[in-house]
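In our numbering, the protein residues as written are 78 to 231.
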C-alpha cells in the first residue's frame, strides 16, 4: 500500500519532468513536427538519432529508433516500430508503414549484418514484418506478411 501511494504521488511528477526534458531535447535538436507526447516516438540508439523529412506523420504511439531516415511525405502509423539499432534503415518519400508493422535490420550475430532499404511510394500494410531487406519503389507488402533477411521485392 505504501509503494502504491508513493507511485501515485511521484509518478505524475516524473512523467512531467520526462516530457519537459524530451521537449527540450527535440527543440534543441529539431525533428518534432507536431505537438503530441513524443516521449517514445523518436529514440536515439548508440549515438544515432532518427532523421525525419518534411511532412512526415509519426503516430504518437509509434517508435522510430536509432539510425533511421524517413523521406518527405511518409507516415508511420499507430503501434509501428522502425528500429535501426545495429544498421541503417532508409525509408523513401511518400512511403506508408501501417499499424503494428515492424521494420528492423540484421546484426552480425544473425549471419550477416544488413540494413533495410525501402523505396519511394511503398505500402507496408498492417502487422507486416520487414527485416534486413530491400523494397523497391512502389512495392506493396500485404497485411501480416513477413519479408526476411536479404529479400528483394521489386
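Glycine is no exception: its CB is placed at the ideal position from the N, C-alpha and C atoms.
With residue i as the anchor, note down where its beta strand (DSSP E) starts and where it stops.
| i | result |
| --- | --- |
| residue 215 | Unbroken run through residue 215: none, as it is neither H nor E. |
| residue 21 | Only positions 78 to 231 of the chain appear in this structure, which leaves residue 21 out of reach. |
| residue 182 | Premise fails: residue 182 is in no beta strand (DSSP E) and is neither H nor E. |
Helix, strand or coil: which one does DSSP assign to residue i?
| i | result |
| --- | --- |
| residue 197 | coil |
| residue 129 | strand |
| residue 118 | coil |
| residue 151 | coil |
| residue 99 | helix |
| residue 171 | coil |
| residue 113 | For residue 113, the pLDDT reaches just 45, beneath the cut-off of 50, and the residue's location in the model is therefore unreliable, although a value from the coordinates is still provided. Coil at residue 113, not helix or strand. |
| residue 161 | strand |
Could you check if residue i is buried or exposed, using at least 16 other CB atoms within 10 Å of its CB as the buried criterion?
| i | result |
| --- | --- |
| residue 127 | buried |
| residue 91 | exposed |
| residue 78 | exposed |
| residue 113 | With a pLDDT of only 45 at residue 113, under the threshold of 50, the placement of this residue in the model should not be trusted; the figure read from the coordinates follows. Residue 113 should be labelled exposed. |
| residue 160 | buried |
| residue 94 | exposed |
With a threshold of 8 Å on Cβ separation, who are the neighbours of residue i within its own chain once the five nearest residues in sequence on each side are excluded?
| i | result |
| --- | --- |
| residue 231 | 213, 216 |
Within a Cβ cutoff of 6 Å, which residues of the same chain sit near residue i, ignoring the five residues on either side of it in sequence?
| i | result |
| --- | --- |
| residue 211 | 194, 229 |
| residue 192 | 164, 165, 182 |
| residue 174 | 153, 157, 201 |
| residue 134 | 152 |
In chain order, what residues of the same chain have a beta carbon less than 7 Å from the beta carbon of residue i, not counting five sequence neighbours either side?
| i | result |
| --- | --- |
| residue 111 | Low confidence applies to residue 111: its pLDDT is 42, below 50, so where it sits in the model is not reliable, and the reading given next is rough at best. Hits under 7 Å: none found. |
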